[in-house]
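Read left to right, the sequence shown gives residues 1 to 590 (my numbering). All C-beta atoms, glycine included, are put in the ideal place defined by N, C-alpha and C. Here is the structure we will look at, set down as structure tokens.
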Amino acid sequence: MKKLDALKQITTKPELAKLLGVTPQNLTHTLYIIKPENLYTSFSIPKRTGGIRTIYAPADTLKLIQSRLSNLLQDCIKEINDAKYPNLKPEKVPTLAHGFVKKRSILTNAIVHLNKKNVLNIDLSNFFDSFNFGRVRGFFIKNKNFQLDPHIATVIAQIACLNNKLPQGSPCSPVVTNLISHPLDIRLASLAKKHSCTYSRYADDITISTRKSVFPNQIMMQEESGEYLAGKKLTHEITRAGFSINEKKTRIQYKDSRQDVTGLIVNKKPNVKKEYWRTVKSQCHRLFHEGTFTKKTTGGEVVGNINELEGQLNFIDQVDRFNRLRPKAPISHIYAVKNHSLNTFKLLNGREKTFSRFLYFRSFYGNTQPTILCEGKTDNIYLKSAINMLASDFPKLAKAKTKEEEYKLLILFIRYSARTRFLMGLDDNGGSGNLIGFINKFDEHYKFYKANNPQHPVIIVLDNDKGFNSFPRILKKNSTSLHPATLKKDDYRKADFIHVMHNLYIVLTPLGSKEEDTDIEYFFDDATRLKEHDGRCFNTVLERDYKTDLGKDSFATHIIKGQKNSINFNGLKPLLDRITAAIAHYDSIK
1 MKKLDALKQI TTKPELAKLL GVTPQNLTHT LYIIKPENLY TSFSIPKRTG
51 GIRTIYAPAD TLKLIQSRLS NLLQDCIKEI NDAKYPNLKP EKVPTLAHGF
101 VKKRSILTNA IVHLNKKNVL NIDLSNFFDS FNFGRVRGFF IKNKNFQLDP
151 HIATVIAQIA CLNNKLPQGS PCSPVVTNLI SHPLDIRLAS LAKKHSCTYS
201 RYADDITIST RKSVFPNQIM MQEESGEYLA GKKLTHEITR AGFSINEKKT
251 RIQYKDSRQD VTGLIVNKKP NVKKEYWRTV KSQCHRLFHE GTFTKKTTGG
301 EVVGNINELE GQLNFIDQVD RFNRLRPKAP ISHIYAVKNH SLNTFKLLNG
351 REKTFSRFLY FRSFYGNTQP TILCEGKTDN IYLKSAINML ASDFPKLAKA
401 KTKEEEYKLL ILFIRYSART RFLMGLDDNG GSGNLIGFIN KFDEHYKFYK
451 ANNPQHPVII VLDNDKGFNS FPRILKKNST SLHPATLKKD DYRKADFIHV
501 MHNLYIVLTP LGSKEEDTDI EYFFDDATRL KEHDGRCFNT VLERDYKTDL
551 GKDSFATHII KGQKNSINFN GLKPLLDRIT AAIAHYDSIK
């Protein structure tokens, strides 16, 4: 237990600062000169169940220290769990708390209550306010896993607390509340098990469910008046832990009604509420047809935020993905399938199709910057690193770092993942085959949207080698134009760029000096290729041995990205010129 043991052994603020990865001067200045109470801004947000929640956002100096404390405490928790469950992966370690815990979410909290006849929801009143300075300090002194020096416990409480309580908005408040609430979780889980029930907690939401036809009165009973009466043992344990029950939010949900656990329906399978999905679907429809959408707030309708909409779609997709991967028919495992000839769009349910269209819209139609698709993740690394180091030469691709401004990339790179493979048919394992399919379907996707025409191009960057041989057949089907215009109609491989259709372009790596095939690696000099990592290099073209030399992934990550300040990227300038020219061309015709 390296982190936990180190924390238990220290006795001074400088030692704690070192463990947190900050300077002692910074820690002292933040806590005792400026003082935490002067380092917060507050704002209010509406609660999901009504009412207002006040958030206290710490300033960057304090937030950094709190984030480091949160990471340290989470590392300590992992070490405690590893010692207790040495043979289990983190996601398999049993847990009662699901809020603000790694590998846990409202989904993992909900699924333990699937297919139950009765589901009890309890809300703890003023949850964060229940953790005062003395309680936080006392926990770290007395808890058997920590037993910290009192001076260190005091400093931790000073970092974590504001006005004698844990503020909502601090990065370390959630992990501290979970640590202090763990004894309550243990006792309530034991009480639940005694009466054939299942227990879980997500922050201040407690859920206890059972397959019994009648909910155990020893835990909670509903009187004829409709009011709920908590059992003596339940009340005792919650009061003993320093909390109280919010009676207004206490309810037992029966099997023949909609059972809701932390916002998800759990009657048969985890699912989002119908009205939640209808709202998201309606917003997507307006986005696709008008380019913007609105959302309802307590103050009336306001312009919607596309990032927030994507977060909601991600949440719905997380639930759908879980249900696909549950053990049943083989098609449920399609997320893991790597059959690149498979048209996954045909397999998507209605919500997944909407999400797929949203991702297409955001990346390729309503994109707010030029979008780049490469054949693989290593090409992304090469281009990003080159643009970073050559930013002053390519103002359309990036803003160079100055005394006044930070470096800023002005183009968007598509990052391939299991999600892009399943929802969009795009990943780097399929190579150029995926991109041929992308071009084939581009016009169909483009015509689905009715919003104003795209303002930025989509540029596919390809190696100018035999892998391109499959593309001319596809390009001839479209009214493509080659640039410069003096080229012969089908002389694709000599083009600076190819305008395929709409806002879609192809940029090939320039042919070699003797018109030989090229890939992006071709444009790095031998000095770069011969740089070593772990005793191996990428080697020159003539000497390269793919069995013993450094692989492309390692070359891209450890040499090009890791040592970019010492790399000569001038060889990539002609390729970046072509990308810039394609952007300029679309700017002239859009």
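Between which residues of its own chain and residue i is the CB-CB distance below 8 Å, once the five residues before and five after are set aside?
{"i": "residue 375", "result": "428, 431, 432, 435, 461, 462, 463, 467"}
{"i": "residue 309", "result": "280, 283, 284, 287, 293, 358"}
{"i": "residue 407", "result": "388, 391, 398, 399, 400, 401"}
{"i": "residue 185", "result": "96, 97, 199, 201"}
Locate the beta strand (DSSP E) running through residue i, then write down its first and last residues.
{"i": "residue 121", "result": "118–123"}
{"i": "residue 44", "result": "40–46"}
{"i": "residue 192", "result": "No beta strand (DSSP E) holds residue 192; the alpha helix (DSSP H) holding it covers 173–194."}
{"i": "residue 365", "result": "Where residue 365 is concerned, there is no enclosing beta strand (DSSP E), given that its DSSP letter is neither H nor E."}
{"i": "residue 373", "result": "371–373"}
{"i": "residue 222", "result": "220–222"}
{"i": "residue 593", "result": "In the structure displayed, the chain extends from 1 to 590; residue 593 sits before or after that span and is not available."}
{"i": "residue 253", "result": "251–254"}
{"i": "residue 378", "result": "Per DSSP, residue 378 belongs to no beta strand (DSSP E); it is in the alpha helix (DSSP H), 377–389."}
One question on the structure: do residue i and residue j come within less than 8 Å of each other, judged by their Cβ atoms?
{"i": "residue 410", "j": "residue 576", "result": "no"}
{"i": "residue 507", "j": "residue 589", "result": "no"}
{"i": "residue 416", "j": "residue 361", "result": "no"}
{"i": "residue 478", "j": "residue 527", "result": "no"}
{"i": "residue 582", "j": "residue 459", "result": "yes"}
{"i": "residue 80", "j": "residue 262", "result": "no"}
{"i": "residue 191", "j": "residue 237", "result": "yes"}
{"i": "residue 139", "j": "residue 179", "result": "yes"}
{"i": "residue 320", "j": "residue 352", "result": "yes"}
What span of residues does the alpha helix (DSSP H) with residue i cover, start to end?
{"i": "residue 485", "result": "Neither: residue 485 is in no alpha helix (DSSP H) and is coded neither H nor E."}
{"i": "residue 84", "result": "60–84"}
{"i": "residue 546", "result": "Per DSSP, residue 546 belongs to no alpha helix (DSSP H) and is neither H nor E."}
{"i": "residue 407", "result": "Looking at the DSSP string, residue 407 is not in any alpha helix (DSSP H), and its letter there is neither H nor E."}
{"i": "residue 200", "result": "Residue 200 -> not in any alpha helix (DSSP H); beta strand (DSSP E) instead, spanning 197–202."}
{"i": "residue 580", "result": "573–589"}
{"i": "residue 5", "result": "2–9"}
{"i": "residue 356", "result": "350–360"}
Looking only at its chain, what residues have a beta carbon closer than 6 Å to the beta carbon of residue i, apart from the 5 residues adjacent to it on each side?
{"i": "residue 523", "result": "571, 572"}
{"i": "residue 216", "result": "195"}
{"i": "residue 171", "result": "66, 67, 70"}
{"i": "residue 293", "result": "283, 286, 287, 304"}
{"i": "residue 317", "result": "355"}
{"i": "residue 57", "result": "41, 169"}
{"i": "residue 504", "result": "442, 458"}
{"i": "residue 75", "result": "3"}
{"i": "residue 100", "result": "174"}
Which residues in the same chain have their Cβ closer than 7 Å to the Cβ of residue i, if we skip the five residues on either side of it in sequence?
{"i": "residue 451", "result": "288, 289, 290, 291, 366"}
{"i": "residue 19", "result": "6, 7, 10, 72"}
{"i": "residue 482", "result": "491, 492, 495, 498"}
{"i": "residue 403", "result": "none"}
{"i": "residue 46", "result": "52, 298"}
{"i": "residue 529", "result": "537, 538, 539, 540"}
{"i": "residue 211", "result": "116, 117"}
{"i": "residue 607", "result": "Given a span of 1 to 590 for the chain in the structure shown, any question on residue 607 remains unanswerable."}
{"i": "residue 550", "result": "533, 536, 537, 538"}
{"i": "residue 154", "result": "137"}
What number of angstroms, rounded off, separates the C-alpha of residue i from the C-alpha of residue j?
{"i": "residue 534", "j": "residue 560", "result": "15 Å"}
{"i": "residue 397", "j": "residue 265", "result": "46 Å"}
{"i": "residue 251", "j": "residue 258", "result": "12 Å"}
{"i": "residue 31", "j": "residue 253", "result": "47 Å"}
{"i": "residue 229", "j": "residue 221", "result": "5 Å"}
{"i": "residue 371", "j": "residue 315", "result": "25 Å"}
{"i": "residue 87", "j": "residue 77", "result": "16 Å"}
{"i": "residue 382", "j": "residue 414", "result": "14 Å"}
{"i": "residue 621", "j": "residue 234", "result": "In the structure displayed, the chain extends from 1 to 590; residue 621 sits before or after that span and is not available."}
{"i": "residue 540", "j": "residue 373", "result": "27 Å"}
{"i": "residue 208", "j": "residue 117", "result": "11 Å"}
{"i": "residue 557", "j": "residue 525", "result": "17 Å"}
{"i": "residue 14", "j": "residue 394", "result": "46 Å"}
{"i": "residue 59", "j": "residue 33", "result": "15 Å"}
{"i": "residue 453", "j": "residue 306", "result": "18 Å"}
{"i": "residue 121", "j": "residue 206", "result": "6 Å"}
{"i": "residue 4", "j": "residue 147", "result": "10 Å"}
{"i": "residue 520", "j": "residue 64", "result": "39 Å"}
{"i": "residue 484", "j": "residue 405", "result": "36 Å"}
{"i": "residue 35", "j": "residue 161", "result": "11 Å"}
Whole beta strand (DSSP E) runs in the segment 437–485 with 3 or more residues, listed along the chain?
Segments of the beta strand (DSSP E) lying fully in the segment 437–485: 458–462, 481–483.
Which runs of the alpha helix (DSSP H) spanning at least 4 residues fall entirely within the segment 126–157, listed in chain order?
133–142
In chain order, which alpha helix (DSSP H) runs of at least 4 residues are fully inside the segment 259–331?
Counting whole runs of 4 or more residues, the segment 259–331 contains the alpha helix (DSSP H) stretches 274–290, 306–325.
Runs of 4 residues minimum, wholly inside the segment 485–537: which ones carry the alpha helix (DSSP H) assignment?
526–529
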